[in-house]
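Notes follow the structure.
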Amino acid sequence: MIPQLRTEFNANFTSHAYARLQALLAQRCSGPVQFRVAETPIFVPRQLLDAMADRGAVMAHQLIANCEYLSDARRAIPSGFDVAGQTAHPHFLTADFALIRTSSGELVPRLVEIQAFPSVFAYQLELCSAYRETFSLPSSLGVFLGGLDENSYWELLRQTILGRHQPENVVLTEVDPLHQKTFPDFELTRRRLGIAVVDISSLEPEGNKLHYRDATGRRIPIHRIYNRAIADELITRNIKLPFDLSQPWDVEWAGHPNWYFLISKHSIPFLSESGGFPEVPPACFVHEFLSGQGQEFLSSRGVDLPPSESSAEYANLLLKPLFSFAGKGIEFSPTRARLEAIAPEDRKNYILQQRMHFEPTIETPFGLTQAEIRILYLWPDGGELTPAISLVRLGRGKMMGVDHNKNQEWVGGSAAFYV
Numbered sequence: 112m113i114p115q116l117r118t119e120f121n122a123n124f125t126s127h128a129y130a131r132l133q134a135l136l137a138q139r140c141s142g143p144v145q146f147r148v149a150e151t152p153i154f155v156p157r158q159l160l161d162a163m164a165d166r167g168a169v170m171a172h173q174l175i176a177n178c179e180y181l182s183d184a185r186r187a188i189p190s191g192f193d194v195a196g197q198t199a200h201p202h203f204l205t206a207d208f209a210l211i212r213t214s215s216g217e218l219v220p221r222l223v224e225i226q227a228f229p230s231v232f233a234y235q236l237e238l239c240s241a242y243r244e245t246f247s248l249p250s251s252l253g254v255f256l257g258g259l260d261e262n263s264y265w266e267l268l269r270q271t272i273l274g275r276h277q278p279e280n281v282v283l284t285e286v287d288p289l290h291q292k293t294f295p296d297f298e299l300t301r302r303r304l305g306i307a308v309v310d311i312s313s314l315e316p317e318g319n320k321l322h323y324r325d326a327t328g329r330r331i332p333i334h335r336i337y338n339r340a341i342a343d344e345l346i347t348r349n350i351k352l353p354f355d356l357s358q359p360w361d362v363e364w365a366g367h368p369n370w371y372f373l374i375s376k377h378s379i380p381f382l383s384e385s386g387g388f389p390e391v392p393p394a395c396f397v398h399e400f401l402s403g404q405g406q407e408f409l410s411s412r413g414v415d416l417p418p419s420e421s422s423a424e425y426a427n428l429l430l431k432p433l434f435s436f437a438g439k440g441i442e443f444s445p446t447r448a449r450l451e452a453i454a455p456e457d458r459k460n461y462i463l464q465q466r467m468h469f470e471p472t473i474e475t476p477f478g479l480t481q482a483e484i485r486i487l488y489l490w491p492d493g494g495e496l497t498p499a500i501s502l503v504r505l506g507r508g509k510m511m512g513v514d515h516n517k518n519q520e521w522v523g524g525s526a527a528f529y530v
């Protein structure tokens, strides 16, 4: 999006440099990265990232201050996953934006999703460093947001994850963490902050306290959990934890599990209906679309819909399950019959959202490529919601996730450098 930088990068790119990038990441992450890393970062104006970061923060604050919304969202938490000790605010937030072209030709961001859950904070910084080192990018190009630099970034991440506790008593929990694609982030976090990475199903309860075993088998009390375990995976894999999540354990959560549900796709219809966020595509719940005012709302917001017939296909809509990760379960152009096939009691767990057409903006040897930009936020105890860094996904398919752009080049996980 900054032509001079893009032209220079493409002209100087070699496959040997890309191989060095992969080798450098493998060296620093204790093994090869298991998802595709894009050959290139993107180069964007600082004001574009700042605008996205500002709007994502405003949305989050509005949702958190809306008691009616939070009450409604709480009803969507599955049985057994309403965790005690909910914090006043999430510790982590991500806001994903597409870049689209308006009818007037302007390139503008549109919200894809907002989620109160951690992202790859440690890995993303390492990726930026590897891009800069491998391709000799100018030191004048920035990556940090919110007025941060490398030292203050790590300090803010440390405060957010550790709180007031010693590293020994803080654990990063995940389902089978050694075999997750995000393991490089876990390993980098472990090395930098000194915390243990443990399988959530290995925690040991005693009384109202939880413990873990270190590498020597020593049993250590847990005071704070940096939670990376996604409820979807626990439910899908039918994992039975050795402790009841809903009980009031004597433990703090860095990333309290409830916020994963409270600020999620569930929030998109509320944000779009509020009228104060033009960057949020029109959306409604499936039950409202079929038997309420949802269809009228979408039409009033300019979404072109066919007549409500059983054979109708909604080419301008996406069907999304509320709680899924990495694009799982998203359906393009759902039919009326597909919507009606969803059990009435489950329709509240799906939304219909206007489909956005990503504008291809990144020039590559394989043609123009689309970019989805994620803003990563940190919100430590007693602190402020702060945009910290961005993450980019490049793709040329319908979906932008790295799992949806296989067998292609110049796509995958990437980073944004700004001027």
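With this note's numbering as the guide, the letters of the sequence shown map in order to residues 112 to 530.
Note that CB positions come from ideal geometry on N, CA and C, so glycine has one too.
No experiment lies behind these values; they were computed from the predicted model shown.
Contact between the segment 256-271 and the segment 489-508 is established, with three or more Cβ pairs separated by less than 8 Å. Ranked by how close their Cα comes to the Cα of glycine 216, the residues Glu470, Thr475, Ser501 have Glu470 in first place. For alanine 184, the three-state secondary structure derived from DSSP is helix. Under the DSSP assignment, tyrosine 323 falls in the beta strand (DSSP E) whose first and last residues are 320-324.
Beta bridge pairing from DSSP links aspartate 310 with Glu285.
Secondary-structure assignment with DSSP links glutamate 424 through a beta bridge to Thr446. For phenylalanine 146, there is no enclosing beta strand (DSSP E), since its DSSP letter is neither H nor E. Taken in chain order, the whole alpha helix (DSSP H) runs of length 4 or more contained in the segment 427-503 are 447-452. Just measuring C-alpha positions, the residue of Gln133, Ala168, Ser402, Leu314 sitting nearest alanine 340 is Leu314. In the structure shown, isoleucine 346 adopts helical secondary structure according to DSSP, grouped into three states.
Note on geometry: alpha-carbon atoms of proline 189 and leucine 283 lie some 23 Å from one another. Along the segment 328-407, the beta strand (DSSP E) occurs as fully enclosed runs of 3 or more residues at 330-332, 335-338, 363-365, 394-396, listed in sequence order. Apart from sequence neighbours up to five positions away, the residues of its chain that approach tryptophan 360 with a beta-carbon distance below 8 Å are Ala195, Gly196, Pro316, Asn319, Lys320, Leu321, Phe354, ordered along the chain. The count of Cβ pairs closer than 8 Å, one atom from the segment 390-397 and one from the segment 465-484, reaches three, so the stretches are in contact. When C-alpha distances from glycine 478 are compared across Leu505, Leu487, Tyr488, the shortest belongs to Leu505.
If you draw a straight line from the Cα of serine 525 to the Cα of serine 240, it comes to about 12 Å.
Per the Cβ contact rule, the segment 252-265 is not in contact with the segment 169-179 (fewer than 3 Cβ pairs under 8 Å). Within the same chain, Met112, Ala527, Tyr529 come within 6 Å of valine 155 by CB-CB distance, once the 5 residues on both sides are set aside. When DSSP reads this structure, isoleucine 272 sits in no beta bridge, so it has no partner.
Note that the C-beta distance between glutamate 474 and arginine 147 is not below 7 Å. Serine 525 carries a strand assignment under DSSP once its states are collapsed to helix, strand and coil. When C-beta atoms of the segment 159-170 are compared with those of the segment 122-133, fewer than three pairs fall below 8 Å, so the two segments do not count as touching. Our two residues, leucine 248 and methionine 163, have alpha carbons roughly 24 Å apart in a direct line.
Of the residues assessed, threonine 213 falls on the exposed side of the cut-off, its CB having fewer than 16 other CB atoms within 10 angstroms.
Aspartate 165: member of the alpha helix (DSSP H) spanning 157-176, first to last residue. Assigned with DSSP and collapsed to three states, glutamine 226 falls in strand. For proline 278, the secondary structure class from DSSP, reduced to helix, strand or coil, is helix. The DSSP-derived three-state label of glutamate 317 is strand. By the CB criterion at 7 Å, arginine 335 and glycine 274 fall inside the cutoff. Around the Cβ of glutamine 226, a 10 Å sphere holds 16 or more other Cβ atoms; the residue is buried.
With a cutoff of 7 Å on beta-carbon distance, phenylalanine 297 and valine 309 are scored as not near each other. Within 10 angstroms of the beta-carbon of serine 444 lie fewer than 16 other beta-carbons, which makes it exposed.
When the five nearest sequence neighbours on each side are left out, the beta carbons in the same chain lying within less than 6 Å of the beta carbon of glycine 440 are those of Pro432, in order along the chain. For glutamate 399, the closest C-alpha among the options Pro389, Phe388, Phe381 is that of Phe381.
Per DSSP, the beta bridge partners of threonine 205 are Gln226, Leu487. It is roughly 13 Å from the alpha-carbon of threonine 293 to the alpha-carbon of asparagine 338.
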